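Take a look at the structure below.
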Amino acid sequence: MRGADYVIKRTVFALMTVFVAVTLNFIIFRAAPGDATTALRCRNCPIEFKEALRKELGLDKTKVQQYGIYLKELAHGDLGRSFASRQPVTDELAAPIKNTIPMVLLGEVIAVFLGILTGVVAAWRRGTLLDSGSLGVALVFYSLPTQWLGLMLVILFAGTLPISGIGDPFIAFTDPTWWETLKDRLTHMILPSATLGIVLYGSYALIVRSAMLETLGEDYILTARAKGLRNWTIVWRHAFRNALLPVTTLMAISLGYVVAGAILVEAVFSYPGIGLETYDAVFAKDYPIVQGSFLLLTLSVVLANYIADLLYFKLDPRITT
Amino acid sequence: MTTTAPQLAGEPAELRDSRRRPLGVIWSVIRSQPQAAVGTAILVLVVLVAFLAPVIAPYGEREVVGQPFQSPSGSHWLGLDDGGVDMVTLLIWGARVSLIVGFAAALVAMLIGGAFGILAGYFGGKLDILLMRLTDYFLVIPDIALMIAIGAIWGRSLRNIILIIGIVYWPTTARLLRAQVKSVRERVYVKRARSLGASNSRIIFRHVLPQVAPLLVANTVLTVAIAIFAETALAFLGLGDPSLISWGKLIENAFEGNAISVDAWWAIVPPGVAVAVVILGCTMLGQALENTLNPRLRVGHLSVRRFRLRSLPDTIDPRAAQAAPTARSGR
Amino acid sequence: MSQPLLRVENLHVWFDLKRGAELHAVKGISFDLERGEKFGLVGESGCGKTTSILALMGLLPSNASVAGSVLLDGEDILFKGEESVSPHRWKDVAMIFQGAMNAFNPVKTVGDQIVEPMKLHGVAEGKQARDRAGELLETVGIAAARADRYPHEFSGGMRQRAAIAMALACNPKVLLADEPTTALDVMVQAQILELLTGLANDFGLALVLVTHDLPVVAQVCGRAAVMYAGELMESGPTDALYHDPHHPYTRLLFAATPDLLGEGEVVSIPGAPPRLDHEIPGCPFAPRCDRTFSPCPTVKPRLLKVGDGQEAACHLNDPALVQAS
């Protein structure tokens, strides 16, 4: 099979990254000055309670021992319990993640669509006002703080589109069809996704443009022109197809931002996803949730990165190792 | 020694003189590209405002002068925030913290990333592989999420925020620099210095560093942009220093204070615009620098415009061949 | 009398430079090409030979301007610029580029790229096209099954041959070959030349071979033209150019090629070609010429007939001027 070693290498890399993230997670939360119990808002807690809690959290053992227990628990999918609700973290985060994923995907779709359109047109009309103009606009959007843009969209669309929540809380009473529920969900998703997409598309446009320019200077483009192909055909069938390669890489690189964006956007729009959970948990100092959320988010990013690697591999026949 | 360094094959013209004056390169880019000039102008202006804050701020930054979210008026051009403090004042003072965090964090990232990159690029071998592996893992881990995780435990002081942001952003700088250093290392004058027995540190500081300095600066400017964005994100999550005002904090205050429900746009819009302007300025400058120092321009084979036709020039048609009477050949 | 297949008359090409200047890259060259003829275009790097043949297909960039006429079977294809030349691309005139390594798009199979122009020009479609692509590959000595492979899986020589197959996709009348054998090793070079010669002979394909490699021209081409600094110095039967040159540049050029058997001296031409961003009043070769005399630097030499089918642009062929000096 072509590139079996490539796949293996990337798999190992993904696993190693997860390991580093897991260890980092441990270091951050257990190596902190003081420990989880000191931050607990528990003014009148007797010493015995705190001691019992420490025992429960395993804080009375050595760091190394704690690390071992931590890894073992992780392997069982145990991320601890929320301080606030006393429920397992995994339960607390399972539902919200399901809400976040479609919203983020929609945002990516918007960003990719706008980015490719802008980038191709800018490269195509290189040096003209359309080029510098569309890039300028993209750059401006790229410079906006995500949460601020979200707030702007709230101000602008407060009357016309839903600005909070994931769906109409009363919709169940109207016995909606599948389509109506979908529409409801989508209208609640559109603003947060759009915010994400708009801030994201700028960097995509830039990369697409420079990838296209690079490609358009290649000899096979001259050959295509010599064959009598129309310019437009050459742009899409030859140049763009090659320019897709760096775009895939860029999408993988920007995943870190997407995570940040998701948190900020869900906070602004009160969208009940893992971002909002994290936001609330940080304010409430509910560390197990914050920790669990960081881990889950990192895992998602590693996974997405891995998929992007495999996708790149599929797109570029030159890669064999 | 000649005053201008001889040009090496394949070296962009701008880099030629940087062996003598790294700053000169940056200045020449600023002079020649309008984008860079505008970016620099914006940054200089904002830095000036921040510097002159005590002098130009109309009111005190904690001075309550009216009702919360009072609308803009003649004496308060941007109204008041959720605590009744003048927005213009807050904006000016906020510049200080935002810029300090941005520049300081970028500096930290530059120092760590630069060190890693230079070491990995210069020494190569096992050190290179180890450092780059480490860098790769960190590149995948989502930056802001990591900052939130660290900030939740350790955050809430200015120094910590700067350190957190700087620590999370070193990988990109490291990668970029490593690639640069690797190519510089192979240049003729470096090899010459090594064969003359110069020590590694001398070579790094006297030859490698000046060459990679412009690109390092370009990358740092771009990092400032990201750092300022990170500060606003952290502030929004309540992880900023609670005793200090930054633009990010202003946005957070407005949000927490429900500025939207009272239509107090003046509390929300200005800090966001300020952040956007600075990030835009940094991006414009940083990108102009990067594009010049890492040129990847090529002739495009496609264009909307076509080649043009014109009429024949007024020279005699060389095709007016005549027979030479005697075969006197032009050997 | 039948007209030549291709007639290039007084072709000029300029490139715009910064600050309103321009580069006069090709300065009024003319030549004829008959059906099935193998014609060589030779000269040093930068003399304008590649630009000339790119101009024939209208493949110049947007900062170029063109004058003169290119008659294909009597029809001026450059008459309306891009509009009039593009229908003839690949169908009548095809090209293989310098360094065919990069003529192929790396993410598409070779077969796909050979088939591509067939559909466009209505030559063949679908299965018929794919079969034809396979046949073309066989013609150039590559197994038809390799059509489904990607360009990076081919060696340099094979890629060059595949490029030739691709060029033949629409049965062109003229094949322009720009340095087809540079960057290939000697054995492969010979194969490619043999292939090109065979194609010309068997299929009546007219060939324009652009190269700075004189032995190649001597081996393959019946007639050739010598260019220097964008101008035509001499043209005629290759044998005549070799044994009876009427231009100092031609003579020195052929003498500069080392004889494989080691006989004769290697003569190099000192100096460098002139810059083309300003007009040169006299003969462009005058500064480096060993037979230069009084009119050379100031009077532009005209193309004079110096033999059967041979023309040269040199004042030494004009007895009136020679006597006067």
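Protein chains in written order, with the numbering used here: chain A, 50 to 370; chain B, 712 to 1042; chain C, -12 to 312. Don't be surprised by glycine CBs; every beta carbon is placed ideally from N, CA and C. No experiment lies behind these values; they were computed from the predicted model shown.
Nearest neighbour of residue i, chosen from the options [CA to CA]
| i | options | result |
| --- | --- | --- |
| Gly129(A) | Ile338(A), Leu360(A) and Thr347(A) | Ile338(A) |
| Ile939(B) | Ile990(B), Trp738(B), Pro882(B) and Phe849(B) | Ile990(B) |
| Phe332(A) | Leu1000(B), Thr994(B), Leu945(B) and Val984(B) | Leu945(B) |
| Val29(C) | Thr285(C), Pro268(C) and Val203(C) | Val203(C) |
| Met337(C) | Arg133(C), Asp63(C), Lys5(C) and Leu291(C) | Within the shown structure, residues of chain C are numbered from -12 to 312, placing residue 337(C) beyond reach of any answer. |
| Val749(B) | Ser782(B), Ser1022(B) and Val988(B) | Val988(B) |
| Gly35(C) | Ser49(C), Gly23(C) and His11(C) | His11(C) |
| Gln206(C) | Tyr215(C), Gly217(C) and Pro224(C) | Pro224(C) |
| Leu845(B) | Val67(A), Ser342(A), Val153(A) and Asp224(A) | Val67(A) |
| Gln(-10)(C) | Lys14(C), Glu31(C), Glu125(C) and Arg22(C) | Arg22(C) |
Cβ-based neighbour list, residue i, same chain, cut-off 8 Å, excluding 5 preceding and 5 following
| i | result |
| --- | --- |
| Phe26(C) | Phe18, Leu20, Ala193, Leu194, Val195, Leu196, Cys208, Gly209, Arg210, Ala211 and Ala212 |
| Glu69(C) | Gly45 |
| Ile179(C) | Gly144, Gln147, Arg148, Ile151, Pro167, Thr168 and Leu171 |
| Thr237(C) | Val213, Met220, Glu221, Leu228 and Ala299 |
Residue i and residue j closer than 8 Å at C-beta
| i | j | result |
| --- | --- | --- |
| Gly795(B) | Pro779(B) | yes |
| Pro288(C) | Ala307(C) | no |
| Leu1004(B) | Pro925(B) | yes |
| Leu278(A) | Leu107(C) | yes |
| Phe2(C) | Ala51(C) | yes |
| Asn354(A) | Val94(C) | no |
| Leu47(C) | Val(-5)(C) | no |
| Pro769(B) | Val799(B) | yes |
| Leu183(C) | Ala164(C) | yes |
| Pro981(B) | Arg867(B) | no |
| Met821(B) | Thr934(B) | yes |
| Pro145(A) | Gly322(A) | yes |
| Leu344(A) | Ala70(A) | yes |
Residue burial classification, residue i (beta-carbon count within 10 angstroms, cutoff 16)
| i | result |
| --- | --- |
| Pro167(C) | buried |
| Leu801(B) | buried |
| Arg917(B) | exposed |
| Ala311(C) | exposed |
| His230(C) | exposed |
| Gln176(C) | buried |
| Arg889(B) | buried |
| Glu97(A) | exposed |
| Leu123(C) | buried |
| Asp295(C) | exposed |
| Gln718(B) | Reliability fails at Gln718(B), whose pLDDT of 39 lies under 50, so the model's placement of it is uncertain and no value is given. |
| Glu266(C) | exposed |
| Asn188(C) | exposed |
| Leu841(B) | exposed |
| Phe66(C) | exposed |
Own chain residues within Cβ distance below 7 Å of residue i, not counting five before or after
| i | result |
| --- | --- |
| Ala288(A) | Met261, Thr264, Leu265 and Ile270 |
| Leu857(B) | Val879 |
| Asp322(C) | Outside the shown range of chain C, which is -12 to 312, sits residue 322(C), and nothing can be said about it. |
| Val309(C) | Leu303 |
Chain-order list of residues whose beta-carbon lies under 6 Å from that of residue i (same chain, five-residue window excluded)
| i | result |
| --- | --- |
| Ser213(A) | Phe318 and Ser319 |
| Gly156(A) | Ser242, Leu245 and Gly246 |
| Leu1008(B) | Caution is warranted here: a pLDDT of 47 is assigned to Leu1008(B), below 50, making its placement in the model unreliable, and the coordinate value is therefore given only provisionally. Answer for Leu1008(B): no residue qualifies. |
| Ile1027(B) | With a pLDDT of only 47 at Ile1027(B), under the threshold of 50, the placement of this residue in the model should not be trusted, and no figure is reported. |
| Arg262(C) | none |
| Val286(C) | Gly269 |
| Thr327(A) | Ile312 and Ser342 |
Contact test: residue i Cβ vs the ligand MG heavy atom, cutoff 7 Å
| i | result |
| --- | --- |
| Gln781(B) | Within the structure as shown, the ligand MG is missing, as the structure has no ligands at all. |
Chain D residues whose Cβ lies nearer than 7 Å to that of residue i
| i | result |
| --- | --- |
| Arg76(C) | No chain D appears in this structure, whose protein chains are A, B and C. |
### Query
Do three or more CB pairs link the segment 839 to 853 of chain B to the segment 295 to 308 of chain A at distances below 8 Å?
yes
### Message
Within 8 Å, do at least three Cβ pairs link the segment 836 to 843 of chain B to the segment 310 to 329 of chain A?
### Response
no
### Message
Could you check whether the segment 953 to 971 of chain B touches the segment 356 to 366 of chain A, counting it as contact only if at least three pairs of C-beta atoms, one from each stretch, sit closer than 8 Å?
### Response
no
### Task
Answer yes if the segment 57 to 72 of chain C comes into contact with the segment 244 to 260 of chain A, meaning at least three C-beta pairs across the two stretches below 8 Å, and no otherwise.
no
### Message
Closer than 8 Å is the cut-off here; do at least three beta carbon pairs connect the segment 816 to 832 of chain B with the segment 927 to 934 of chain B?
### Response
yes
### Query
Does the segment 781 to 799 of chain B come close enough to the segment 750 to 760 of chain B that 3 or more CB-CB pairs lie under 8 Å?
no
### Message
Assess contact between the segment 138 to 145 of chain A and the segment 338 to 347 of chain A, defined as three or more Cβ pairs (one per stretch) separated by less than 8 Å. Is contact present?
### Response
yes
### Query
Pairing CB atoms from the segment 165 to 175 of chain A with CB atoms from the segment 968 to 987 of chain B, are three or more of them under 8 Å?
no
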